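Down below is the structure, laid out as structure tokens.
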Amino acid sequence: MAIVKRSIKGMTKLSTKHLLGIKYLTPTDIDLIFKTADNFKEVINRPIKKVPSLRDTTIANLFFENSTRTRISFELAQKRLSADVINFSASSSSVKKGETLIDTVNNILAMKVDMIVMRHPNPGAAVFLSKHIDASILNAGDGAHEHPTQALLDAYSIREKLGNVKGKNILIAGDILHSRVALSNIFCLQKLGANVMVSGPPTLLPMHIDKLGVKVETDLRKALEWCDVANMLRIQLERQDVRYIPSLREYSMLYGLNKDLLDSLKKKIIVMHPGPINRGVEITSDVADSKQSIILEQVENGVAIRMAVLYLLAGRSED
Amino acid sequence: MKPKVILDSSNFEITINRLCHQLIENHNNFSESALIGLQPRGIFLANRIQKTLFQILKSKNIKCGNLDITFYRDDFRKKELIPNRTQIDFIVEDKKVILIDDVLFTGRTIRAGLDAMLAFGRPKSVELMVLVDRRYSRHLPIQPDYVGKTIDSIASQKVKVEWKEIEGKDTVWLLSNDQ
Numbered sequence: 000m001a002i003v004k005r006s007i008k009g010m011t012k013l014s015t016k017h018l019l020g021i022k023y024l025t026p027t028d029i030d031l032i033f034k035t036a037d038n039f040k041e042v043i044n045r046p047i048k049k050v051p052s053l054r055d056t057t058i059a060n061l062f063f064e065n066s067t068r069t070r071i072s073f074e075l076a077q078k079r080l081s082a083d084v085i086n087f088s089a090s091s092s093s094v095k096k097g098e099t100l101i102d103t104v105n106n107i108l109a110m111k112v113d114m115i116v117m118r119h120p121n122p123g124a125a126v127f128l129s130k131h132i133d134a135s136i137l138n139a140g141d142g143a144h145e146h147p148t149q150a151l152l153d154a155y156s157i158r159e160k161l162g163n164v165k166g167k168n169i170l171i172a173g174d175i176l177h178s179r180v181a182l183s184n185i186f187c188l189q190k191l192g193a194n195v196m197v198s199g200p201p202t203l204l205p206m207h208i209d210k211l212g213v214k215v216e217t218d219l220r221k222a223l224e225w226c227d228v229a230n231m232l233r234i235q236l237e238r239q240d241v242r243y244i245p246s247l248r249e250y251s252m253l254y255g256l257n258k259d260l261l262d263s264l265k266k267k268i269i270v271m272h273p274g275p276i277n278r279g280v281e282i283t284s285d286v287a288d289s290k291q292s293i294i295l296e297q298v299e300n301g302v303a304i305r306m307a308v309l310y311l312l313a314g315r316s317e318d
Numbered sequence: 000m001k002p003k004v005i006l007d008s009s010n011f012e013i014t015i016n017r018l019c020h021q022l023i024e025n026h027n028n029f030s031e032s033a034l035i036g037l038q039p040r041g042i043f044l045a046n047r048i049q050k051t052l053f054q055i056l057k058s059k060n061i062k063c064g065n066l067d068i069t070f071y072r073d074d075f076r077k078k079e080l081i082p083n084r085t086q087i088d089f090i091v092e093d094k095k096v097i098l099i100d101d102v103l104f105t106g107r108t109i110r111a112g113l114d115a116m117l118a119f120g121r122p123k124s125v126e127l128m129v130l131v132d133r134r135y136s137r138h139l140p141i142q143p144d145y146v147g148k149t150i151d152s153i154a155s156q157k158v159k160v161e162w163k164e165i166e167g168k169d170t171v172w173l174l175s176n177d178q
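Those protein sequence lines, which keep their order, are chains F and C.
With numbering that gives the first Met the number 0 as the guide, the letters of the first sequence map in order to residues 0 to 318.
With numbering that gives the first Met the number 0 as the guide, the letters of the second sequence map in order to residues 0 to 178.
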């Protein structure tokens, strides 16, 4: 190969060794992840969906909280990059015997693991861990704080559908209070130049959320008329320890998206959902399965985005 | 050392024409064959060969794809490795494939290219075409089947291929390291 500088605009490496949250990424980082994901999307549509890039890397998936989609998506991404993968779930481990997080992780690292993908119920767990250990850490969701790969794949799906994220009106609707997806999405979309609005019942909107520079609207119809894309978040039934809403039926009537409401809007908006869906609560089945919904595209893009992040972080590990 | 021209634009064209005729000797009408250019710079040679074959054979039925080998490299982590687009719109299975790159140096790119290509099927045979072969500098037992120009150079030198489509003129340069 000729030694000619490749003409690539911007950076060719991430500015960070970990992916702890969208907060810590620059817009150039996000752009680099998207461009790399374009290539991995092509790879996962090949007859042989596997490349050998990370064959020398061992990755531990530490899930201290339940997950289906994120965990499978990460595991697939790792396997398609030829990494060795070990899985760990808190329910079947020594965590139950009282081992601390740092001890657990250090023990795993002592077995020569290079990267950690972690989901944890406590906000800030990934940041905390990154201060105490050397390996690259990918946050796969920490409490109600951040879920960076979900935000990246959401923004990537919008970019794929609309060509660009900049200047678009994006609505995030539903349970904003308990949602790590909401916070990461707000950071990510704003860094890419989108206008963001949040909507939901006042009890499920955090106080002072407008300080993040987002519009707030409690009337779902008004919010939907404003937006190009509506990301309908799941109502977190497991976190309804206080009665935030009178009933699911009332929530669905006032804050749920149904086909009549969708069809009555002036323009055809795109409907997204990070999953798992409570069908008939935040969106009805006919909306979730409609042509305007890109829910399954989001899932496909999730693998490409996670491959890109893993690949780029592994490339930084010898810096 | 001053930059030295290895191939100027008139010799460049003659070389491309010769390479095309050599290909025709072995591949007749290309019905069972396919060209694959390696990203990022091999694709220019592949496209030029395809265009010239169109003119010589007066047929548009010559397949040409682009293959990115970034994810198959063995020097991942030592370099900034940002991928380019792979585009192969035909089936590689049972085809006589001609891998095409601009400069053959250590052979590592070609090694990665062979691996990358296998993800698209099992070709009947694989040949290698390069515009410039820097001989005596191989790290791997890889030799080209079609060569535009063979040169002797030392490791600290660079070979730069400029294309009409990108730089405005077809030229191959030999540069010393500081240029």
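Backbone N, C-alpha and C define an ideal beta-carbon position, used for all residues, glycine too.
Remember, predicted model here, so these are calculated numbers, not experimental data.
Answer with yes or no whether the minimum CB distance from residue i to chain C is below 8 Å.
i	result
residue 7/F	Here the model assigns residue 7/F a pLDDT of 43, short of 50, so the residue's position is not dependable and the matter cannot be decided.
residue 41/F	yes
residue 4/F	Interpretation of residue 4/F is limited by its pLDDT of 39, a score under 50 that renders its predicted location unreliable; the figure taken from the coordinates is listed afterwards. No, no contact with chain C.
residue 293/F	no
residue 304/F	no
residue 27/F	no
residue 47/F	yes
residue 1/F	Low confidence applies here, because residue 1/F scores a pLDDT of 35, under 50, leaving its location unreliable; read the following figure in that light. Interface residue, yes.
residue 14/F	no
Compare the C-beta of residue i with all C-beta atoms of chain F and state if any pair is closer than 8 Å.
i	result
residue 151/C	no
residue 143/C	no
residue 36/C	no
residue 120/C	yes
Are the beta-carbon atoms of residue i and residue j separated by less than 8 Å?
i	j	result
residue 112/F	residue 60/F	no
residue 297/F	residue 72/F	no
residue 216/F	residue 198/F	yes
residue 120/C	residue 98/C	no
residue 88/F	residue 127/F	no
residue 256/F	residue 281/F	yes
residue 35/C	residue 96/C	yes
residue 179/F	residue 144/F	yes
residue 4/C	residue 172/C	yes
residue 110/C	residue 66/C	no
residue 103/C	residue 132/C	yes
residue 218/F	residue 269/F	no
Could you name the residues of the same chain whose beta carbon sits closer than 6 Å to that of residue i, not counting the 5 residues immediately before and after it, in chain order?
i	result
residue 21/F	147, 150, 183, 186, 187
residue 40/C	101
residue 171/F	181, 184, 197, 230
residue 261/F	286
residue 251/F	280
Start and end of the beta strand (DSSP E) containing residue i?
i	result
residue 42/C	Counting along the chain, residue 42/C falls outside any beta strand (DSSP E), though it belongs to the alpha helix (DSSP H) covering 41–56.
residue 161/C	157–161
residue 63/C	62–66
residue 67/F	Run containing residue 67/F: none; DSSP gives neither H nor E here.
residue 174/C	170–174
residue 145/C	145–151
residue 119/F	114–119
residue 231/F	228–231
Which same chain residues end up closer than 7 Å to residue i when comparing Cβ atoms and leaving out the 5 residues on each side of it in sequence?
i	result
residue 151/C	134, 135
residue 6/F	Only weak support exists for where residue 6/F lies, its pLDDT of 38 falling under 50; the value from the coordinates is given anyway. If we look at residue 6/F and ignore the five residues flanking it on each side, it has no Cβ neighbours.
residue 143/C	103, 127, 128, 129, 132
For the alpha helix (DSSP H) containing residue i, name the first residue and the last one.
i	result
residue 139/C	Premise fails: residue 139/C is in no alpha helix (DSSP H) and is neither H nor E.
residue 216/C	Chain C is shown only over 0 to 178; residue 216/C falls outside these bounds and no answer can be derived.
residue 140/F	Looking at the DSSP string, residue 140/F is not in any alpha helix (DSSP H); the run it does join, the beta strand (DSSP E), is 135–141.
residue 126/C	No alpha helix (DSSP H) contains residue 126/C, which is instead part of the beta strand (DSSP E) from 124–134.
residue 305/F	294–314
How would you label residue i, buried or exposed, when you count the other beta carbons within 10 angstroms and need 16 or more for buried?
i	result
residue 167/F	buried
residue 32/C	buried
residue 202/F	exposed
Spatial neighbours of residue i within its chain, please: C-beta separation below 8 Å, excluding the five flanking residues on both sides.
i	result
residue 81/C	69
residue 53/C	59, 61
residue 86/C	64, 65
residue 106/C	137, 138, 139, 140, 141
Can you determine whether any heavy atom of the ligand GTP sits closer than 7 Å to the C-beta of residue i, and answer yes or no?
i	result
residue 122/F	Looking for the ligand GTP in the displayed structure turns up nothing, as the structure carries no ligands at all.
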